[in-house]
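What follows is a single structure, written as structure tokens, with notes after it.
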Amino acid sequence: MISRAATLPDDFTSINELLSACEVEDTMDLDIHRHALQETQTTEHFQLWLADSGHIQGFARLRFGEVDNITEGRYWYYVRPTAREQGIEARALQWAEQQTLRHSAGSTCRLYTASHADHAARFGFLEANHFTRERYFFTMKQDLHEAPSAPEVPAGYTLRPATLEELESYTELQNLAFREHWNAAPTTVKELRTEMLQPRYRSELDIVAVAPDGTLASYCTATIEPSKREGAEEIIGFIAALGTHPAHRKLGLGRALLLHNLRTLHTLGVSKSHISVDGINPTGAVRLYESVGFQTFETWLLYFKYLS
1 MISRAATLPD DFTSINELLS ACEVEDTMDL DIHRHALQET QTTEHFQLWL
51 ADSGHIQGFA RLRFGEVDNI TEGRYWYYVR PTAREQGIEA RALQWAEQQT
101 LRHSAGSTCR LYTASHADHA ARFGFLEANH FTRERYFFTM KQDLHEAPSA
151 PEVPAGYTLR PATLEELESY TELQNLAFRE HWNAAPTTVK ELRTEMLQPR
201 YRSELDIVAV APDGTLASYC TATIEPSKRE GAEEIIGFIA ALGTHPAHRK
251 LGLGRALLLH NLRTLHTLGV SKSHISVDGI NPTGAVRLYE SVGFQTFETW
301 LLYFKYLS
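Start counting the sequence shown at 1; every next residue gets the next number (UniProt numbering).
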């Protein structure tokens, strides 16, 4: 077995073939990794495990960040269905641990990963290797063949697309809206600017609520993308984020923004929407999504492993 760092773009076609095999076997959508592999200025780490023939058998991705003064390695790994439980999972974990310890330079660090609740072999491996289950997230879906209800915007508030000119206040809103959420890492102005300049960014789906005094009070952003999460590939509208400034909660802004974006998706011809939500979200998001027609169809288990 050979292990080496991925060479991009040269290895992309072979990695894509491995991801496709895993998607078929596990009924998953792994496009987030294809997007990451195609980023031109990435700081992420991609590692491969190859058979002696040179055929890729395993792929791992590692992205570092800081959460509550802890160095966190967000870790994903995928093994060809015919090569599972033959040692690649353990080799990939050892690589991720070594990389994270090296990056942390002696400070407290941990790995963060996830498993679909239906993939018993995967979460069994994680738990056997001292990962602790910390949280669970739902993926919810809603049919958009019919137009959702019209939003009721609270008096004095207005809805409009976000703009690059207000990046600092928009970044501040996003961080305040999510500061009490589990494992939330602050967004920077640079990160938000990069996101808003991506080719797939849709300004008509990045909507803010403006308070009577002109400040930003709430926001909702969505994307349109292919998904294979339910087996066959289809185009879905993904509600990427929905958050409200603490001073403007309990007014119905989140519901108004959500319905606004769902109606926009319907107008654009999208027939289904997905959203991911913390199973014990502190602001009652699950109830909100259920109230406008979302239903849970996936559960994800989230894990930490502290290394130092």
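Heads up, the beta-carbon is just placed ideally off N, CA and C, and yes, glycines get one too. On a predicted model such as this, the values are computed, not experimentally measured, just so you know.
Along the beta strand (DSSP E) that carries Ser115, what are the first and last residues, could you check? Cys109 to His116
Do Tyr112 and Glu72 have their C-beta atoms closer together than 7 angstroms? For the pair Tyr112 and Glu72, the CB atoms are nearer than the 7 angstroms cut-off.
Reducing DSSP to helix, strand and coil, say where Ile280 ends up. coil
Separation of Met140 from Ile275, as counted between CA atoms: If I take the Cα positions, the gap works out to 5 angstroms.
Give the single residue among Ala117, Ala211 and Ile236 whose Cα lies nearest to the Cα of Val153. Ala211
Assuming Gly279 and Phe138 make a contact with CB atoms under 8 angstroms, what is their CB distance in whole Å? Taking C-beta atoms under 8 angstroms as the contact rule, Gly279 and Phe138 qualify, at a distance of about 6 angstroms.
Unbroken alpha helix (DSSP H) run spanning Thr13, endpoints: Phe12 to Asp26
Anticipated Cβ contact below 8 angstroms, Ile15 with Phe59, distance rounded: 6 angstroms
Answer with buried or exposed for Ala209, where buried requires no fewer than 16 other C-beta atoms within 10 angstroms of its C-beta. buried
With DSSP run on the structure shown, which of helix, strand or coil describes Pro226? It is a strand residue.
If you draw a straight line from the C-alpha of Asp26 to the C-alpha of Ala117, how long is it? 12 angstroms
Excluding the five sequence neighbours on either side, which residues of its own chain have a C-beta within less than 8 angstroms of the C-beta of Leu159, listed in chain order? The residues are Pro151, Val153, Ile207, Val208, Ala209, Val210, Ala256, Leu257 and His260.
Would you list the one or two residues that DSSP bridges to Tyr78? Phe59
So Gly243 is in the beta strand (DSSP E); what residue range does that whole segment cover? Glu234 to Thr244
Return helix, strand or coil for Tyr201, following the three-state DSSP convention. coil
Can you check DSSP and say which residues form a bridge with Trp49? Note: Trp49 sits in a beta bridge opposite Ser3 and Gly58.
Starting from Val189, trace the beta strand (DSSP E) in both directions and tell me its first and last residue. No beta strand (DSSP E) holds Val189; the alpha helix (DSSP H) holding it covers Val189 to Met196.
Hey, how far is the Cα of Ser169 from the Cα of Leu216? Rounded to whole angstroms, the gap between the alpha carbons of Ser169 and Leu216 is 7 angstroms.
Among Leu37, Met28, Glu17 and Arg200, nearest to Thr299 - alpha-carbon criterion: Met28
With which residues is Pro274 paired in a DSSP beta bridge? Note on residue identity: the sequence assigns His, not Pro, to residue 274. Note: His274 sits in a beta bridge opposite Lys141 and Phe238.
Taking the CB atoms as reference points, tell me whether Ala96 and Leu62 lie closer together than 7 angstroms. yes
Euclidean distance between Cα positions of Val286 and Ser20: 31 angstroms
Residue interval of the beta strand (DSSP E) (run including Val286): Careful: Val286 lies outside any beta strand (DSSP E), inside the alpha helix (DSSP H) at Ala285 to Ser291.
Backbone CA spacing between Val270 and Leu144 [nearest angstrom]: 7 angstroms
Are the Cβ atoms of Tyr303 and Phe131 separated by less than 7 angstroms? yes
Reference Ala90; option with closest CA among Ala120, Arg110 and Ala128: Ala128
Same chain only: Cβ atoms within 6 angstroms of Ser104, ignoring 5 sequence neighbours per side: Thr71
Buried or exposed for Tyr306, please, with buried defined as at least 16 other CB atoms from any protein chain shown within 10 angstroms of its CB. Answer is exposed; the Cβ neighbour count stays below 16.
Report all residues from its chain with a CB closer than 8 angstroms to the CB of Glu225; omit the five preceding and five following residues, and keep chain order. Asp31, Arg200, Ile235, Ile236 and Phe238
Label Asp11 either buried or exposed according to how many other C-beta atoms from any shown protein chain fall within 10 Å of its C-beta, with 16 as the threshold for buried. buried
Cβ atoms of Gln57 and Ala83: under 7 angstroms apart, would you say? Taking the C-beta atoms as reference points, Gln57 is found nearer than 7 angstroms to Ala83.
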